[in-house]
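What follows is a set of notes on a single structure, which appears directly below.
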Amino acid sequence: MKRILAVLAVVLALAALPSGPPARAQRYVPAEHREFPKIKYADSLESLNDRCLVKKNKLNLKVRPVYVNWRPIGFCSATCPAAFTKNPEKYLKEQKMDIRCVVNAGRNARPDATRRTYVNHEVFFLSTKDALAIFRKNTLKYCGWLTDPVSGVRFRPTAGSPRMIHNGRPYYFSTHSTRMQFEAMPDSFAVRKG
26 MKRILAVLAV VLALAALPSG PPARAQRYVP AEHREFPKIK YADSLESLND RCLVKKNKLN
86 LKVRPVYVNW RPIGFCSATC PAAFTKNPEK YLKEQKMDIR CVVNAGRNAR PDATRRTYVN
146 HEVFFLSTKD ALAIFRKNTL KYCGWLTDPV SGVRFRPTAG SPRMIHNGRP YYFSTHSTRM
206 QFEAMPDSFA VRKG
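To convert a position in the sequence shown, counted from 1, into the numbering used here, add 25.
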């Protein structure tokens, strides 16, 4: 009975979410190539890239970015974020993107799987293995703003934020209700979808 009520709560919560494109103030901004503008997102951050790292097409305003070391990476279609997060090193190395370490300020972070960690759907690369260990011990200090894996809301987690570990990855939530929705159907929210 509890499971049925939990699933019903999730269905009702999902039905209450707005449909269609998000009501965000994201917009295109000029970049080096006129036909490939960057995106300025609602959080005032500009995409690191001017074209999709996966398909090399123009970025799409309707597709939420994936944040890498606090910076948004834009995409052209809803399938690209999942492809990117499976092997971000491949795409970042191809573009030779300059990513700064969030622990060792001023140092470059290497796109290397041995120095990578995830929090929610955000990706973090660190400059050294020691920096990676420090990040994992003090996640709240270094993670910055995160995207709630259920609602898509950007928020700054605190020690009091709802939290859980799923498949070894920490997830923080903007509200207790989104944590409950995640807990009821973790496989629906644990992997980044478009």
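Every residue, glycine too, gets a C-beta built ideally from N, C-alpha and C.
What would DSSP say about residue i, mapped onto helix, strand or coil?
i	result
P62	coil
K154	helix
L78	coil
L171	strand
E71	strand
P97	strand
R125	strand
T142	strand
K83	strand
E114	helix
E119	helix
What's the C-alpha gap between residue i and residue j?
i	j	result
K87	K218	13 Å
T203	M210	11 Å
P55	N82	16 Å
A103	C77	11 Å
V36	M205	With a pLDDT of 42 at V36, under the threshold of 50, the modelled position of this residue cannot be trusted; read the value that follows with caution. Rounded to whole angstroms, V36 to M205 spans 12 Å at the Cα level.
R96	H191	24 Å
E60	G185	44 Å
E208	G193	14 Å
T164	Y92	15 Å
So that I know if they touch, is there some Cβ in chain D lying closer than 8 Å to that of residue i?
i	result
V79	Protein chains in the displayed structure number just one, and chain D is not present.
Can you tell me which of the options puts its alpha carbon nearest to the alpha carbon of residue i?
i	options	result
T183	T200, G177, Y53, K63	T200
A108	G99, V127, V79, A134	V79
C168	K111, I190, T153, N145	N145
F214	H191, P174, F198	P174
K65	K154, R59, I159, Q51	Q51
Between residue i and residue j, is the Cβ-Cβ spacing less than 8 Å?
i	j	result
R188	D68	no
D75	P90	no
Hey, is residue i close to the ligand MN, as in C-beta under 7 Å from one of its heavy atoms?
i	result
M210	With respect to the ligand MN, the structure shown offers nothing to examine, as it has no ligands at all.
What alpha helix (DSSP H) runs, 4 residues minimum, are completely inside the stretch 157 to 215?
164 to 167, 201 to 209, 211 to 214
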